[in-house]
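Worksheet for the structure shown next.
Protein chains in written order, with our numbering: chain D, 2 to 348; chain P, 49 to 180.
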């Protein structure tokens, strides 16, 4: 049981170390859904493993076992001692709280952004703000909107403006904000997955860049738009970091997706040196394998715990039945337990 | 109906025309818009787009020469709109702080990155103005 629970943890550690190598060999369009799914599966499996470990320990507490009617002797082997159950329990509670807070904040911020966006009006999902500071982002409301300041538009040439609009349009069209939110949620519930969530964010930008290239047919123009926007935002930002540069930088995870800023150089490299980005099918296979490992582990653990509880209830019922056939009342001897143990919970 | 050059998404050209007018910040004749947008757009296409935008109330026009010159129309409650935009940015700023708590590297360009990007732009448009 305990060893099985280490599988998703091991997967998380592996992803913390190797998410870059994995995503580098995936085409952005594949990476976005695949890495998001990977983050969610691993995060769920880790959370479940922690909860089950805590449950397996706490369930042995005598007063609880008597209440629920299950035999402590059957539950004990392979599960943590009750005292140790505090550890996974506390971690699970903390992570669950983090995920909950993240969800509430994200929902609230999305609602606010949507409201502000509706007030701004705009046409054809384009909102132009009359502002000299360079900003560009998209707001993932139901209809979706691209918000660009005149300051940003003035910096760019016609084809660069077109690249920017196509890039943001791609974010809206592919519902990128949803993937980024889900990956960030997974990372909130399992901090080891933060690098992976970062990769999802980068993959989303790379895909939007590629979509912009596909639309305007000019890699250099997209790279130029990106470089110019990044430099301008960076130059506008030196004040208290909160000037208008910051929203473009950090808004990615929640409210909206910024045109420039996230991993600008990695994106420009991808645009200007496309040949360096080789796609490997093993990367897809590795990601799928990890998803499979996490989800089967989670299912197996749940199933094994279920079996164990049923066995423990059976033993408890037998030992507490008034039938004279039962050898001894009270707690069953440890020797009684093994034959009833489910085979799946070998550990 | 599509012109030379890669396909645009629906509404894409209208957005580009709006962006073009916003960038210019002054009235533009259809021919100027056409020249600015380039990419093989036909005059009639630009003209049609501008009239459509005018019909939607997104741009205003004034007689100029034999035709019209078009300007991006500030929304009626421009002051309020800019306040809303400001509030939105405040909101996104708050996001940034919280995202920070959740630890992600906020992609402030490093000096090396800035040099790299500036170099790229320098190569690209030798002579054109650089954003200061």
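All C-beta atoms, glycine included, are put in the ideal place defined by N, C-alpha and C.
These numbers come from a predicted model, not from an experiment.
Hey, is residue 78 (chain P)'s beta-carbon within less than 8 Å of any beta-carbon in chain D?
The sequence position of residue 78 (chain P) within the second chain is 30, counting from 1. Cβ-Cβ to chain D under 8 Å: no for residue 78 (chain P).
Going straight from the alpha carbon of residue 104 (chain D) to that of residue 111 (chain D), what length do you get?
Translated into the one-based positions of the first chain, residue 104 (chain D) becomes position 103. Translated into the one-based positions of the first chain, residue 111 (chain D) becomes position 110. One C-alpha to the other measures close to 10 Å.
Any beta carbon of chain P sitting closer than 8 Å to that of residue 269 (chain D)?
Counted from its first residue, the first chain places residue 269 (chain D) at position 268. At least one chain P Cβ lies under 8 Å of residue 269 (chain D).
Does any residue of chain P have a CB that is nearer than 8 Å to the CB of residue 155 (chain D)?
Here residue 155 (chain D) corresponds to residue number 154 of the first chain, with the count starting at 1. Chain P, which has a Cβ nearer than 8 Å to the Cβ of residue 155 (chain D), makes this yes.
Does residue 208 (chain D) come within less than 8 Å of chain P when only Cβ atoms are used?
Residue mapping note: residue 208 (chain D) aligns to position 207 of the first chain, counting from 1. Chain P, which has no Cβ nearer than 8 Å to the Cβ of residue 208 (chain D), makes this no.
Mind reading off the beta-carbon distance from residue 46 (chain D) to residue 305 (chain D)? Whole number of angstroms is fine, and I expect it under 8 Å.
Taking the first residue of the first chain as position 1, residue 46 (chain D) is located at position 45. Taking the first residue of the first chain as position 1, residue 305 (chain D) is located at position 304. Actually they do not touch by this definition, with Cβ atoms about 14 Å apart.
Buried or exposed by the 16-neighbour rule on C-beta atoms within 10 Å, applied to residue 102 (chain D)
Looking up residue 102 (chain D) in the first chain gives position 101. It is exposed - the Cβ of residue 102 (chain D) has fewer than 16 other Cβ atoms within 10 Å.
State the beta-bridge partners of residue 312 (chain D) as determined by DSSP.
The residue you call residue 312 (chain D) lines up with position 311 of the first chain. Answer by DSSP bridge pairing: none, since residue 312 (chain D) is not bridged.
Bridge-paired residues (DSSP) for residue 192 (chain D):
The residue labelled residue 192 (chain D) in the question sits at position 191 within the first chain. Beta-bridge pairing links residue 192 (chain D) to no other residue.
Whether residue 59 (chain D) touches residue 34 (chain D) by CB criterion (8 Å)
Mapped onto the first chain, residue 59 (chain D) falls at position 58. Mapped onto the first chain, residue 34 (chain D) falls at position 33. No.
Whole angstroms are fine: how far does the CA of residue 64 (chain P) sit from the CA of residue 163 (chain P)?
The sequence position of residue 163 (chain P) within the second chain is 115, counting from 1. The sequence position of residue 64 (chain P) within the second chain is 16, counting from 1. One C-alpha to the other measures close to 30 Å.
Interface partners of residue 132 (chain P) on chain B, CB under 7 Å
Looking for chain B here will not work: the only protein chains present are D and P.
State yes or no: is the C-beta of residue 83 (chain P) within less than 8 Å of the C-beta of residue 120 (chain P)?
Along the second chain, one-based indexing puts residue 83 (chain P) at 35. Along the second chain, one-based indexing puts residue 120 (chain P) at 72. No, these two residues do not count as a Cβ contact at 8 Å.
Buried or exposed: residue 376 (chain D), going by 16 or more other Cβ atoms within 10 Å of its Cβ?
There is no way to answer for residue 376 (chain D), as the model of chain D reaches only from 2 to 348.
With a 10 Å radius around its C-beta and 16 neighbouring C-beta atoms as the bar for buried, classify residue 165 (chain P) as buried or exposed.
Here residue 165 (chain P) is taken as the residue at index 117 of the second chain, counted from 1. Buried.
Touching by the beta-carbon criterion (3+ pairs, under 8 Å), the segment 166-182 of chain D and the segment 138-151 of chain D:
yes
Against chain P: residues of the segment 162-173 of chain D by CB proximity under 7 Å
162, 163, 166 and 170
If you draw a straight line from the C-alpha of residue 155 (chain D) to the C-alpha of residue 73 (chain P), how long is it?
Here residue 155 (chain D) refers to the residue found at position 154 when the first chain is read from its first residue. Here residue 73 (chain P) refers to the residue found at position 25 when the second chain is read from its first residue. Near 9 Å, if we compare the C-alpha coordinates of residue 73 (chain P) and residue 155 (chain D).
For residue 158 (chain P), the nearest candidate out of D:274, D:285, D:232 and D:272 (CA to CA)
The sequence position of residue 158 (chain P) within the second chain is 110, counting from 1. Looking at the Cα atoms, D:232 is the closest of the given residues.
Contacts around residue 241 (chain D), its chain only, beta-carbon distance under 8 Å, and the 5 residues preceding and following it disregarded
To locate residue 241 (chain D), count along the first chain from 1; it is residue 240. Bear in mind that a pLDDT of 34 at residue 241 (chain D), under 50, signals an unreliable position, so the number given afterwards is only what the model happens to contain. Nothing listed; no residue qualifies.
Give me the subset of the segment 67-92 of chain P whose CB atoms are less than 8 Å from a CB atom of chain D, sorted by chain position.
67, 68, 70, 71, 73, 84, 85, 86 and 87
Limits of the unbroken alpha helix (DSSP H) element including residue 64 (chain P):
Within the second chain, the letter at position 16 stands for residue 64 (chain P). Unbroken alpha helix (DSSP H) run through residue 64 (chain P): 60-72.
Is the Cβ of residue 129 (chain D) closer than 8 Å to any Cβ of chain P?
Here residue 129 (chain D) corresponds to residue number 128 of the first chain, with the count starting at 1. Answer yes: the Cβ-Cβ gap between residue 129 (chain D) and chain P drops below 8 Å somewhere.
Using a Cβ-Cβ cut-off of 8 Å, state whether residue 98 (chain P) counts as contacting chain D.
Within the second chain, the letter at position 50 stands for residue 98 (chain P). It does not; no Cβ of chain D falls within 8 Å.
Closest Cα partner of residue 39 (chain D) within the set D:295, D:308 and D:310
As a first step, residue 39 (chain D) must be located in the first chain, where it is residue number 38. Nearest option by C-alpha distance: D:295.
Would you say residue 109 (chain P) lies against chain D (beta-carbon separation less than 8 Å)?
Within the second chain, the letter at position 61 stands for residue 109 (chain P). It does not: the Cβ of residue 109 (chain P) has no partner Cβ on chain D nearer than 8 Å.
My output table needs one value for residue 182 (chain P): the three-state DSSP class, helix, strand or coil.
Because chain P spans 49 through 180 in this model, residue 182 (chain P) falls outside it and cannot be assessed.
Residue 264 (chain D) Cβ short of 7 Å to the ligand SAH heavy atom set
No copy of the ligand SAH occurs in the structure displayed, which carries no ligand at all.
Give the residues from the segment 22-56 of chain D that approach chain P closer than 8 Å (Cβ to any Cβ), ordered along the chain.
none
Quick check: what's the CA-CA separation for residue 56 (chain P) versus residue 216 (chain D)?
Along the second chain, one-based indexing puts residue 56 (chain P) at 8. Along the first chain, one-based indexing puts residue 216 (chain D) at 215. Distance between the alpha carbons of residue 56 (chain P) and residue 216 (chain D) is about 6 Å.
How should residue 65 (chain D) be labelled, buried or exposed, when 16 other C-beta atoms within 10 angstroms of its C-beta is the threshold for buried?
By 1-based counting over the first chain, the position of residue 65 (chain D) is 64. So residue 65 (chain D) counts as exposed.
To the nearest angstrom, report how far apart residue 95 (chain P) and residue 78 (chain P) are at their CA atoms.
The count along the second chain starts at 1 and reaches residue 95 (chain P) at position 47. The count along the second chain starts at 1 and reaches residue 78 (chain P) at position 30. Distance between the alpha carbons of residue 95 (chain P) and residue 78 (chain P): 6 Å.
Which two residues bound the contiguous alpha helix (DSSP H) that contains residue 150 (chain D)?
Here residue 150 (chain D) refers to the residue found at position 149 of the first chain. That residue, residue 150 (chain D), is in no alpha helix (DSSP H); its beta strand (DSSP E) goes 146-150.
The beta strand (DSSP E) spanning residue 158 (chain D) covers which residue range?
Residue mapping note: residue 158 (chain D) aligns to position 157 of the first chain, counting from 1. No beta strand (DSSP E) contains residue 158 (chain D), which DSSP labels as neither H nor E.
With a threshold of 8 Å between beta carbons, is residue 60 (chain P) in contact with chain D?
Counting from one through the second chain, the residue named residue 60 (chain P) turns up at place 12. Answer yes: the Cβ-Cβ gap between residue 60 (chain P) and chain D drops below 8 Å somewhere.
Within 8 Å of any Cβ in chain D, is that where the Cβ of residue 166 (chain P) sits?
On the second chain, residue 166 (chain P) is found 118 positions in, with the first residue counted as 1. It does: the Cβ of residue 166 (chain P) has a partner Cβ on chain D nearer than 8 Å.
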